[in-house]
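What follows is a single structure, written as C-alpha cells, with notes after it.
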C-alpha cells in the first residue's frame, strides 16, 4: 500500500501515481504555487521492526513531475547527494518557486572524495547530510549547512520557507533553527518552550505569525519566532500508562511521551473541574509506569525510559533513585582511568584512549548480558504488600523495601538472541545510528502478580515468551508454545491475572511491528496449561491490535481491552465484544485501570490524554437483568462536600476538565418493551416511609443516570419540630430508592455496603427559611444540633460546636454515604 496517491473527486476515490517498493513510501510533498501540474515529492525507504529501525536505502529520493503526477523524474546530480539517502524534508518558496530547500539524510562520504580525489576508505568520513538549496528548480544544488543539526532525521527533518522571503528558512530537529540568508548562517530559536519540533505553519498574510508543533504541544509567535505564547488548552497528552491512588477524591497518575510523569485529581471539590494548576510533575524524561502507595498517597513511584525509576515523597519532597536502568555502572570506572592518566588538560594518550574504548565495550556487552530494560519497563507494587516492588528487565527483579534494594528472582526470560541484541543496542538506525534504547530487545514488556495469592507471577517479553512462577520466582515455567494460532516471537503486550482465582490469566499480544494488525487475546483457566482465543468478534480488518486487557475486580464476566483505535467491553468473559464509551474519539488506548473503590474505568490514551467513566452499573449487569423491564442498580459510594466557588477570570488559555455531576449517581435501566412515558420518577424515602426527595430522569429505553444532590424536600417547620426533624435525620437510615413509571414496573434498591445517609439533610434550606422569618431561636437550636468534626453532635459553648452561620456551608467537608453503617447521631 505504500506509494503516492492522487484524488480528483475530493477524496472519494484515489489513484496510485507513484510506487517505489514495499519498503519505501512518500514522506513530503510540495506543489508549485502557480502551476498545479508541477510537484516535488520525497520518497523514503524505512522499515521498523520489533528490534530495529532501518532508515535509508535505494528507495529514498527526491522526485519531480510536470504533468500532475502522470510521470516522475528523480532529481540527481547537480550537487544533490549521490550517496544512499534516508528521510528528506522539502520546502518550496512561495514567493520564488525556483527556490527549494531540502533537509536530506544521506550516507557518509570519505574526505578524499569530497576533495575530488580517489576515495580512501581508511580516512575519516564526513557526513553528506544537511540543508541543501536550489535556485533553479532543482537543476543545481548547494550544501548550505552540513548536518544542519538534524540529529535524528527519521524523527524530525521538517523545513519551511517564509511565504514572502525566499531567504528566510526554518528547519526543525531537536533544536529549532532558522536563517535569513538562505542557509549560509543559522541561529537557534524557540528557546522558551518544549523542544523536539515536528510541525510548523507560517501565516501567508502575516509572516511574523508562526505556529509550531513540538513534543510539548504548540507554540504561537507573532514576531517571527522571537517569543511564544503557549496555549496549554489541548487535551492531547500521549500517555503510555496510568495508575491511581486511594485519596478522596482519588488522583490519577501517568507517564507521557517526552513530558515526564504527572498526577492530577480525578475530580475537584470546586464547581469547575480540574485545570492545569491541579496537576503536578513527579518525574522527567519519557514517562511510563507509575504507582502510588495505597496506604499513603504521598508516596509515588515513577520511571523514565529504559528502566530508570524513582520514589517520591510528596510530604517532604525527597526523591530516591531506586533503579538506574541501562545507564548504570560505567561512569566511576571511566573516572578512575581518567584520574590515573594524570593531567586532564593534555590530550589523551593512545593507551588511555584504547583503555576507555575497551572499558566501554565491555560495560556495554556486560550490561546487555546482565540487565536490559525495555523503553517502557513494567513495574508494580504488590497487591499484598505496598513495600514490595516487582520490576521487569530481561530478568524479574524484586524489592521488599520500597526499592531501596533489588535482587533478581528469575533467569533471563527472553530468547537472548545475540544477533537481535547486538542490532537493537548497537547498530539500529540505518544511515544514522539511533541506538537510544527505544529498540532495546530481549526484555520483559509486561508483568503481573495474582491479586488472590502472593508470589504467583506472570511475565511476557518482546520476543514472544510467556512465563509463570507459582513460588515467587523460585522456578519458572515457559508457556510460549501453548497459544493456538499465534505466530512465534509475538510481542506480549499485557498479562492480566484474575481477581477471582489463581489459575486464570488473560494475555494480549501485539504484532503491528510485523505488519500484522489483528487482535490476539487469550485466556487460561488452568495455570497456563492451555489457552484459548477470546478475540472472537473484535475487529480484525483495521488497526485494532491490542495494547491492554483488564478484568473488572468486582465482576469476573466483565472485561475491557484497549486497542490502537479505542476501547471495547465484554460482559461475558470475551464471548462477544462491543465498542465502549460513547464520546471517546478514535485514539490509541495504551492503558486501562479500574478503581476498586470508586468503580470507575480510567483510560490512558496516546493522543487524547486521560478519560474516566463510571462502570458500576456494568459491574452489576447479569443475564437476569436483561429480562426485566426496569432495573435499579446498587448505588456506589458518594460524598457530600461543600463545593468551592472561585472568582477567577483566566480567559481561555487553560484547560478545564468537566467534573462529574455533584451528588450521588443513581443508575437505572429500562427496556424498550415497556417505555410508556418520556420521564421516569425516582422516589427516595427514609426508614419511616417519608418521602425525602423526588427526582425525574429519562423514561426511554437504555441505561440512564440521575444525581441526587443530598437535599431533601423543603418543609416549613417551627423551631421545636425542626429540632426533632434534624435529630431524626441524624439517626434514620435510608430505606429505598424507587423508580416508578405510570403503567410500568417499579424497581427498588436498599442501600448497600458503604452508604451512610445520616448527614443528609437540607440544613442550608432550613437555615435560609428561618433567617427569612427572623427565627433566631430556631437558628441557634439548629446550630447546636449540627454534627461537629469527628461525628460528635455540637453543643452550645462546647468543643465541636458550630460557631457561626458561615461554617454551615463547610459542613461536612466530606461526608461519605455508607449504607447500613452503625453509629449514633452525627454519623457512624
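In the numbering used here, the protein residues as written are 35 to 862. Ideal Cβ placement from N, Cα and C applies to all residues, glycine included. These numbers come from a predicted model, not from an experiment.
Relative to the Cα of residue 134, the nearest Cα in the group 81, 74, 231 belongs to 74. In the DSSP assignment, residue 648 falls within the unbroken beta strand (DSSP E) covering 644–648. Residue pairing from DSSP places residue 629 in a beta bridge opposite 634. Secondary structure of residue 479 (DSSP, three-state): strand. Taken through DSSP and simplified to helix, strand or coil, residue 699 comes out as strand. Going by DSSP, residue 659 is part of no beta strand (DSSP E) but of the alpha helix (DSSP H) stretching over 657–660. Within the region 445–476, the complete alpha helix (DSSP H) segments at least 4 residues long are 452–456, listed from N- to C-terminus.
The three-state reading of DSSP puts residue 80 in strand, counting E and B together. Within its own chain, the residues whose Cβ lies closer than 7 angstroms to the Cβ of residue 334, once the five positions on either side in sequence are excluded, are 287, 297, 316, 324, 326, 346, 348, listed in chain order. Distance from residue 96 to residue 109 at the Cβ level is roughly 4 angstroms; contact confirmed, criterion being Cβ atoms closer than 8 angstroms. Assignment of residue 597 by DSSP, reduced to helix, strand and coil, places it in the strand class. Residues 306, 307, 309 of the same chain have their beta carbon placed closer than 6 angstroms to that of residue 690, with the five preceding and five following residues left out of the count. Residue pairing of residue 501 in beta bridges, as defined by DSSP: 493, 512.
Around residue 475, the same chain offers 84, 85, 454, 455, 458, 496, 497 as residues with beta carbons nearer than 7 angstroms, after the five sequence neighbours per side are excluded. The Cβ atoms of residue 506 and residue 443 sit closer than 8 angstroms to each other.
Cβ-Cβ distances below 7 angstroms link residue 112 to 173, 174, 175 in the same chain, with the five nearest sequence neighbours on each side left out; the list follows chain order. With respect to residue 278, residue 625 sits apart: the two C-beta atoms are not nearer than 8 angstroms. About 10 angstroms separates the Cβ atoms of residue 472 and residue 463, ruling out a contact at the 8 angstroms cut-off. The residues 527, 596, 624, in chain order, have a CB closer than 6 angstroms to that of residue 581 in the same chain once the five nearest residues on each side in sequence are set aside.
Note that the C-beta distance between residue 163 and residue 190 is not below 8 angstroms.
In the DSSP assignment, residue 106 is bridged to no other residue.
Rounded to whole angstroms, residue 312 and residue 342 show a C-alpha spacing of 26 angstroms.
Within the model, the alpha-carbon separation for residue 80 versus residue 181 is close to 20 angstroms. Residue pairing by DSSP places residue 425 opposite 413, 431 in a beta bridge. In this structure, the CA atom of residue 124 is about 49 angstroms from the CA atom of residue 437. Here the C-alpha atom of residue 49 lies approximately 26 angstroms from the C-alpha atom of residue 90. Annotation: the region 510–563 contains no complete segment of the alpha helix (DSSP H) (minimum length 4 residues). Under the three-state reduction of DSSP, residue 337 is assigned to strand.
In terms of Cβ geometry, residue 705 and residue 663 form a close pair [threshold 8 angstroms]. The alpha carbon of residue 87 has as its nearest neighbour, out of 69, 76, 120, 61, the alpha carbon of 120. The beta carbon of residue 408 lies closer than 6 angstroms to those of 477, 479 in the same chain, with the five residues before and after it left out. Distance from the CA atom of residue 118 to the CA atom of residue 161, rounded to whole angstroms, is 12 angstroms.
With a 10 Å radius around the Cβ and a threshold of 16 neighbouring Cβ atoms, residue 429 comes out buried. By the neighbour-count criterion, in which a residue is buried when 16 or more other Cβ atoms sit within 10 angstroms of its Cβ, residue 688 is exposed. One thing to note: residue 265 has its Cβ within 8 angstroms of the Cβ of residue 252. Burial check for residue 499: the Cβ neighbour count within 10 Å reaches 16 or more, so the residue is buried.
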